[in-house]
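The numbering of the sequence shown is full-length UniProt numbering, which starts it at 1 and goes up by one.
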Amino acid sequence: MNKSNFFHNLIFDIGYGVRKCIENQNFYPYEKIFIDTSDKNYTNDIVTGFFVLFSFFLLCFFVLSLIYDIITSPIYITLALRRWYKTIVEEEKRKKKMKSYQNRNELDD
């Protein structure tokens, strides 16, 4: 009885499929697969499957972070421009107030 679990089978199948694609030079590698640990390519298939899955997860992470950056960058730019504009407007208001206070003080003298 084979005591391998789902993830072991998944990793082996991916590695085996990649190896068969390379050997047969086509994109349809699948045939009836029985996991045989005594096969000379067993370890290579497991390692290949692991790295293909690892690369897939890294690629997904990269694509998701790229989508996140594309969505959030305009928001951050807009917020920065609003903050910049707001500080300029507040600075001008403060200057006008200071000028009006100076004018009052000059009139009082």
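Glycine included, C-beta positions come from ideal geometry on N, C-alpha and C.
Since the structure is predicted, the reported quantities are computational estimates derived from the model, not experimental observations.
Nearest to residue i (by Cα), restricted to the options the options
| i | options | result |
| --- | --- | --- |
| D45 | K97, R19, Q25, R104 | R19 |
| G15 | N9, G49, N5 | G49 |
Buried or exposed (CB count within 10 angstroms, at least 16 for buried), residue i
| i | result |
| --- | --- |
| I11 | buried |
| T43 | exposed |
Residue i Cβ short of 6 Å to the ligand MN heavy atom set
| i | result |
| --- | --- |
| T78 | Questions concerning the ligand MN fall outside what the structure shown contains, since it holds no ligand whatsoever. |
Whole-angstrom C-beta distance between residue j and residue i, which should lie under 8 Å
| i | j | result |
| --- | --- | --- |
| I35 | N5 | Not confirmed; about 11 Å, so no contact. |
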